[in-house]
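Participant:
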Amino acid sequence: MTLPRFLHDRLRLPVIGSPMFIVSNPRLVIAQCTAGIVGSFPSLSARTPELLDEWLDEIGAALAAHDAAHPDRPAAPFAVNLIVHRTNARLETDLALCEKHRVPMIITSLGARPDVYAGAQGFGATVFHDVIHDGFARKAIDKGADGLIAVAAGAGGHAGALSPFALVAEIRRWFDGPLALSGAIATGAGILAAQAMGADLAYIGSPFIATEEANAPDGYKRMIVDGTADDIIYTDYFSGVRGNYLKPSIRAAGLDPDALAPGDPARTSFASGGAKVWRDIWGSGQGIGAIDAVVPAAERIADLVRGYTEARARMSLPPL
């Protein structure tokens, strides 16, 4: 394992709850961290910098209270996702707020910037950058990122198209630092499989949409529970960046998911986080066939722990 020191002995399970625009909120992050996995959220989920400041206060206070009440079982750290795309006018402001609150982990997306990495590392944060192929991975590490998130085929929201077997193998040929894997991981056995391929952590999002704490409409949660991989489409139509979305949400918006035109990358904008797209067109990974109920986040994590433990036992691996 090449886990950063600040994660050692703080995780019940080697998992990062991935940041999901609108869906991830302080309530979900706190539930994830206190149940033993890294919780995260995109800074742009907070509609204003002032609200982001409040959210960081809320999360910090809740995790400190948990640690005081459970010194033998401290909460896992949390992370904030920063969109580094040139259209995100809030990037510097949000990074400054992360510094104010000493956020322990930063996840960067859609752009590799040495100044952002250095700024986060300057206040003690560990920076993971998400990538969809080996070229982007090399660029991120060359520019100063500490770790990588390999976003493989089947991941929810903006995602790559490469098999996780190919993507992890290519990265591990030259990089021995912290590596998380994203792409249709929804079971404890899937977490173990990610480790077997060479990842240190699984990066899991869609199963947490179908939790009580998630900031998602009931219809969205139900679509996750009722859906399978056949209900997912991979397209750049909505944001100019390829991603996986729920076909039923596209039909509900009056569009035919089987007749979408190619997207225009020139129109890509994260000036407001792309709120309209994510509010009306719902992202999801291909692993949702394993999700059969809306439950508290702690129960979802407990189920993942059981599945992970059982998978280790089937492989005759020692217990955790």
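Residues 1 to 320 in UniProt numbering are what the sequence shown lists, from first letter to last.
Even for Gly, the Cβ is constructed at its ideal location relative to N, Cα and C.
Please list, in chain order, all residues of the same chain as P318 whose beta carbon is under 6 Å from its beta carbon, the five residues on each side excluded.
Facilitator: Counting only Cβ-Cβ distances below 6 Å, and skipping sequence neighbours, we find nothing.
Participant: Using only alpha-carbon positions, find the residue among V84, R10, D280 and A202 that is nearest to G119.
Facilitator: Nearest of V84, R10, D280 and A202 to G119, Cα basis: V84.
Participant: What's the call for L51, buried or exposed, on a 16-neighbour Cβ count within 10 Å?
Facilitator: Burial call: exposed.
Participant: Inspect the beta-carbon positions of Q195 and P77 and report whether they are closer than 8 Å.
Facilitator: It is not a contact, given that the beta carbons lie outside the stated cut-off.
Participant: Return helix, strand or coil for P257, following the three-state DSSP convention.
Facilitator: Helix, per DSSP.
Participant: At what residues does the alpha helix (DSSP H) containing Y117 begin and finish?
Facilitator: First-last of the alpha helix (DSSP H) with Y117: P114 to G122.
Participant: In the structure shown, what three-state DSSP assignment does V84 receive?
Facilitator: Of the three classes helix, strand and coil, the one that applies to V84 here is coil, per DSSP.
Participant: Would you check if the distance between the CB atom of S249 and the CB atom of I224 is smaller than 8 Å?
Facilitator: No, these two residues do not count as a Cβ contact at 8 Å.
Participant: Under 6 Å Cβ to Cβ from L201, same chain only, skipping five residues before and after it: list those, please.
Facilitator: So the qualifying residues of the chain are P14, I16 and A180.
Participant: Return the Cβ separation of F175 and I141 in integer angstroms, given the expectation that the two are a contact with Cβ distance under 8 Å.
Facilitator: Yes, F175 and I141 are in contact; Cβ-Cβ is about 6 Å, under 8 Å.
Participant: Can you list, in chain order, the stretches of the beta strand (DSSP E) that have 3 or more residues and sit fully within the region 19-85?
Facilitator: Complete beta strand (DSSP E) runs here, min 3: 39-42 and 78-83.
Participant: Apart from the five residues on each side of it in sequence, which residues of its chain come closer than 6 Å, Cβ to Cβ, to N25?
Facilitator: Around N25: N215.
Participant: Quick check: what's the CA-CA separation for E99 versus P114?
Facilitator: Distance between the alpha carbons of E99 and P114 is about 16 Å.
Participant: For Y245 versus I281, is the C-beta spacing smaller than 8 Å?
Facilitator: Cβ distance < 8 Å, so Y245 and I281 count as in contact.
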